[in-house]
Amino acid sequence: MRLSLRQIRYVAEVARLGSIQAAARSLAISQSSILAAIERAEEAAGGAVFDRRPARGVTVTPVGERFLHAARGLLAAQAEFVRAIDVLAEGTPPTVRIGCFEPFGPLFMTSVVRRYLDEVGPVEVSLMGGNQSEMHDWLAAGMVDVAVAYDIGPSFAASCTPICGVPTHAILPASDPLATLPAVRIMDLAERPLVLLDLPHTSHFLLAVFELYGRQPRVQMRTRTYETVRSAVAAGLGVSVLNMRPLSSSSPDGRGLVRRPILDELPVPTLMVMDIYGAHKPRFVRRLIDLIQRFFAEMGPRNFAVTLPGREGSLLRS
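Start counting at 1 in the sequence shown, then tack on 751, and there's your number in the working numbering.
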């Protein structure tokens, strides 16, 4: 179809005013432009859109009524699109949609959201927690504006802003003799039952920590929630390896477990913020990314990662 959105608007204006000449004056264009638009509309509709009567203007035909019904829906959608883009460019939309790696919700995202609302005012935040694969799918489908996750698992086609490196550390029952040491080794952890955070890609990464040193731990318990990992370790069901430590005052560690850095050299996952906008990020997304960068810069690696002196989690910038 060779009919443009602008020409559809011309035809709708003729129908509204009942006159080609009046529509030309209203739109400040030539009558020939309107006649060309009507011709294109009639080609697309397969019949006459208007019944033209000299000196009496035009009336809409039955074919024209069907055409205009569809045209008005399209023009209304176009107007809503323009309004939505204006909101993106100039302000914050009514709902900000954030996806995050599920454990991040209680660990720090509630604190991030609180700061964000303090800065932008009262908007609705939709915080969706999921695994690494779900983050990938939600971004690809446009279901979230941004996602906060690690750079493990499937590569993200979205625009990625690195925030910080978060080294792997051990969590131990307070009663375990290893808890008295300042740091632990993989070979010692591998001798104990393992409580595994069993999320897609996350579990593969955590088990690979042992495989790097030729160890295969005995998994005592698998769970899909960070909170259950902590509870199981505190109950003496085994040890675990994790990355992020709690940053929210609403999710502190209990007395039954301790965290210790790992002496062995291990790959360090990067905390990332991914978005669907690429280089043309709207202001509300730029503000959120900037806030997350400032949040971790203020916390400092000593607070968000359990590390050895001289091997702190690094703050990164895109």
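For every residue, glycine included, the Cβ atom is placed at its ideal position computed from N, Cα and C.
query: CB contact flag (Asp939, Leu929, <9 angstroms); result: yes
query: Whole runs of the alpha helix (DSSP H) within the stretch 880 to 954, excluding any shorter than 4 residues; result: 883 to 891 and 937 to 940
query: Residue(s) in a DSSP beta bridge with Val990; result: Leu945
query: Beta strand (DSSP E) runs wholly inside the stretch 993 to 1030, at least 3 long, in chain order; result: 1008 to 1012 and 1021 to 1026
query: Status (buried if at least 16 other CB within 10 Å, exposed otherwise) for Asn882; result: buried
query: Cα-Cα separation, Met894 to Thr846; result: 12 angstroms
query: Own chain residues within Cβ distance below 6 angstroms of Thr843, not counting five before or after; result: Val871, Val874 and Phe1035
query: Enclosing alpha helix (DSSP H) for Arg866 [first to last residue]; result: Thr861 to Val871
query: Ser1069 classed as buried or exposed, judged by whether at least 16 other C-beta atoms fall within 10 angstroms; result: With a pLDDT of 46 at Ser1069, under the threshold of 50, the predicted position of this residue should be treated as unreliable, and no value is reported.
query: Span separating the alpha-carbon of Ala1056 from that of Ala892; result: 32 angstroms
query: Anticipated Cβ contact below 8 angstroms, Ile849 with Leu878, distance rounded; result: 5 angstroms
query: Within 9 angstroms, strictly: CB atoms of Phe1052 and Cys911; result: It is worth fixing the name first, because residue 1052 is Pro in this sequence and not Phe. Not closer than 9 angstroms, so no.
query: Same chain only: Cβ atoms within 7 angstroms of Val762, ignoring 5 sequence neighbours per side; result: Ala788, Ile789, Ala792, Val800 and Ala822
query: Own chain partners of Gly808 with C-beta closer than 6 angstroms, once the 5 adjacent residues on each side are dropped; result: Gly769 and Ser770
query: Burial state of Leu963, where buried means 16 or more other Cβ atoms lie within 10 Å; result: exposed
query: Extent of the continuous beta strand (DSSP E) run through Arg848; result: Thr846 to Phe852
query: Whether Phe855 touches Gly880 by CB criterion (9 angstroms); result: yes
query: Counted within 10 angstroms of its Cβ, other Cβ atoms place Asp896 as buried (16 or more) or exposed; result: buried
query: The stretch 945 to 960 touching the stretch 1022 to 1035, judged by at least three CB pairs closer than 8 angstroms; result: no
query: Residues near Asp1015 in its chain [Cβ-Cβ closer than 7 angstroms; skip 5 each side]; result: Arg936, Ile937 and Tyr964
query: Other residues of its chain near Phe961: CB distance less than 7 angstroms, five sequence neighbours each side excluded; result: Ile937, Ala941, Gln967 and Pro968
query: Three-way DSSP call (helix, strand, coil) for Ser877 in this model; result: strand
query: Cβ-based burial, Thr810 [other Cβ within 10 Å; buried from 16]; result: exposed
query: Given Gly1072 as reference, the closest of Gly987, Ser1001, Pro1018 and Ser991 once Cα atoms are compared; result: Only positions 752 to 1069 of the chain appear in the structure, and residue 1072 is not among them; the question remains open.
query: Nonlocal neighbours in the same chain, by C-beta distance under 6 angstroms from Ala766, ignoring five residues either side; result: Val811 and Leu819
query: Residues near Arg760 by beta carbon distance below 7 angstroms, same chain, minus five either side; result: Leu826
query: Distance, Glu816 Cα to Pro805 Cα; result: 21 angstroms
query: Beta-carbon proximity check, Asn1054 vs Pro1020, cutoff 9 angstroms; result: no
query: Val811, DSSP secondary structure in three states; result: strand
query: CB contact flag (Pro997, Pro905, <9 angstroms); result: no
query: Beta carbon of Val992 nearer than 9 angstroms to that of His920; result: yes
query: Candidates Ser999, Ala775 and Thr979: closest to Val990 by CA position; result: Thr979
query: Simplified DSSP assignment, three categories, for Thr979; result: helix
query: DSSP three-state assignment for Gln971, whether helix, strand or coil; result: strand
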